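Here is the structure we will look at.
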Amino acid sequence: MLALARFIIIPFYFILLNIALITYSAFRPFHRDGVKVAGQWYSSMARLVGLKIVIQNSEVIAPEQSYICIANHQSTYDLITTASCAFSGLTTIGKKSLKWIPFFGQLYWLTGNIMIDRKNSGSAQATLKRTAHIIQKTNKSVLFFPEGTRSNGRGLLPFKTGAFRIAQATKKPIMMVCASDNINKIKWNRWNNGIVIIRYYEPEPFDESNDIKALALSYHAKMAERLATLNADVASLEQSNKDNA
Numbered sequence: 008m009l010a011l012a013r014f015i016i017i018p019f020y021f022i023l024l025n026i027a028l029i030t031y032s033a034f035r036p037f038h039r040d041g042v043k044v045a046g047q048w049y050s051s052m053a054r055l056v057g058l059k060i061v062i063q064n065s066e067v068i069a070p071e072q073s074y075i076c077i078a079n080h081q082s083t084y085d086l087i088t089t090a091s092c093a094f095s096g097l098t099t100i101g102k103k104s105l106k107w108i109p110f111f112g113q114l115y116w117l118t119g120n121i122m123i124d125r126k127n128s129g130s131a132q133a134t135l136k137r138t139a140h141i142i143q144k145t146n147k148s149v150l151f152f153p154e155g156t157r158s159n160g161r162g163l164l165p166f167k168t169g170a171f172r173i174a175q176a177t178k179k180p181i182m183m184v185c186a187s188d189n190i191n192k193i194k195w196n197r198w199n200n201g202i203v204i205i206r207y208y209e210p211e212p213f214d215e216s217n218d219i220k221a222l223a224l225s226y227h228a229k230m231a232e233r234l235a236t237l238n239a240d241v242a243s244l245e246q247s248n249k250d251n252a
C-alpha cells in the first residue's frame, strides 16, 4: 500500500512543484538564486521517499567566491539528494536535450542553467568558453558531474575533462561535493530509507603543475576515496539510530 501511495503522490507532487517553480522563476528569470531555490524545493521530496538528508561542511563556501564544483552522479534520485547542495550563485551545465522534458526542461532554462550540445563538439567547445566567460563576468559557480552520465550502481565512472578545462580557463578553485550512495537504498514500500550525506570539501586552487587529464584522474581517485568514507559514515549513523530506537 505504501508503494502504491507513493507511486500516485510523488509524480503528482513533482508536477505541482515544477509548475510552482516555473511560475516563481518567470517573475525573476535567470536570477542568481534560481538554482538554489529549485534545489531546496526539489530536496523537499526526500521526506516523501523516506530519506533524511544530512548536509556537512557548508561553512567552506565563501559568499564572495565562485567555484568549479564537481559532484558524483548516481541516479535520478540525485534530483532529490544532490539538489540540496545548491547555494547562492550556483548554476549547472547540462545537455541541450533537457529542454524537451516537460516542466523540468523549461524550469532548467528559466533558472539560468547552461546547456550544451554534446553531439556537436564545436558547439560544446564554444559552450565551455561561454561558461568560462559567464563565471568571470557574473562570479557564478558552476556544478559539473564530470562522469557525464549516471553511474547507476557501476561505481564512480571515469571523469571527462570539461570541468577541469573550465577551472584552467578561469583559475577558479575546484570544490568537490560528494553524496553518499542512493543506489538500491530507496524501497518504495519502506517508511524509513535511511540517510544520505551531502558533504562539501575544502576548495582547492587550480593546480597548474598537472595536465588536464592527470588532474581529472587525481580528482577521480580522491572522490572515490571520499565516497567510501561517506558511505561508512552513513552506515555508522544508521546503526547508531537503530541501537537508540
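Here the sequence shown is numbered in the numbering used here, starting from 8 and rising by one per residue.
Ideal Cβ placement from N, Cα and C applies to all residues, glycine included.
Quick caveat: nothing in here was measured; it's all calculated off a predicted structure.
The stretch 151-162 in contact with the stretch 202-219 per 3-pair CB rule at 8 Å: no
Beta strand (DSSP E) segment containing N60, residue limits: As a working mapping, residue 60 is identified with position 53 in the sequence shown. The amino acid at residue 60 is misidentified as Asn; the sequence shows Ile. Looking at the DSSP string, the run of the beta strand (DSSP E) that includes I60 is 59-63.
Under the three-state DSSP convention, the category L28 falls into: The count along the sequence shown starts at 1 and reaches residue 28 at position 21. L28 falls in the helix class under three-state DSSP.
Whole-angstrom C-beta distance between V184 and I202, which should lie under 8 Å: Taking the sequence shown and counting its residues from 1, one reaches residue 202 at position 195. Taking the sequence shown and counting its residues from 1, one reaches residue 184 at position 177. Going by Cβ atoms, the distance from I202 to V184 rounds to 17 Å, so no, they are not a contact pair.
Check whether V67 and E209 have beta carbons under 7 Å apart: What you label residue 67 is simply residue 60 of the sequence shown in a count that begins at 1. What you label residue 209 is simply residue 202 of the sequence shown in a count that begins at 1. Yes; because the gap between Cβ atoms is below 7 Å, this pair is in contact.
G119 to P70 span [Cα, whole Å]: Position 112 of the sequence shown, counting from 1, holds the residue named residue 119. Position 63 of the sequence shown, counting from 1, holds the residue named residue 70. C-alpha separation (whole angstroms): 19 Å.
Span of the beta strand (DSSP E) around T98: Against the sequence shown, residue 98 aligns to sequence position 91. From DSSP, the beta strand (DSSP E) with T98 extends over 97-102.
CA nearest to the CA of S187, picked from N238, I29, F34: Mapped onto the sequence shown, residue 187 falls at position 180. When only C-alpha atoms are compared, the closest one is N238.
Buried or exposed (CB count within 10 angstroms, at least 16 for buried), Q81: The residue labelled residue 81 in the question sits at position 74 within the sequence shown. Q81 is buried by the Cβ-count criterion.
Distance, L24 Cα to S32 Cα: Within the sequence shown, residue 32 is the residue found at index 25, counting from 1. Within the sequence shown, residue 24 is the residue found at index 17, counting from 1. Their backbone Cα atoms lie some 12 Å apart in a straight line.
Helix, strand or coil at L11 [DSSP, three-state]: By one-based count along the sequence shown, residue 11 stands at place 4. Helix at L11.
Selection from Q175, G57, L105 that minimises the alpha carbon distance to N200: As a position in the sequence shown, residue 200 is number 193, starting the count at 1. Nearest C-alpha to N200: G57.
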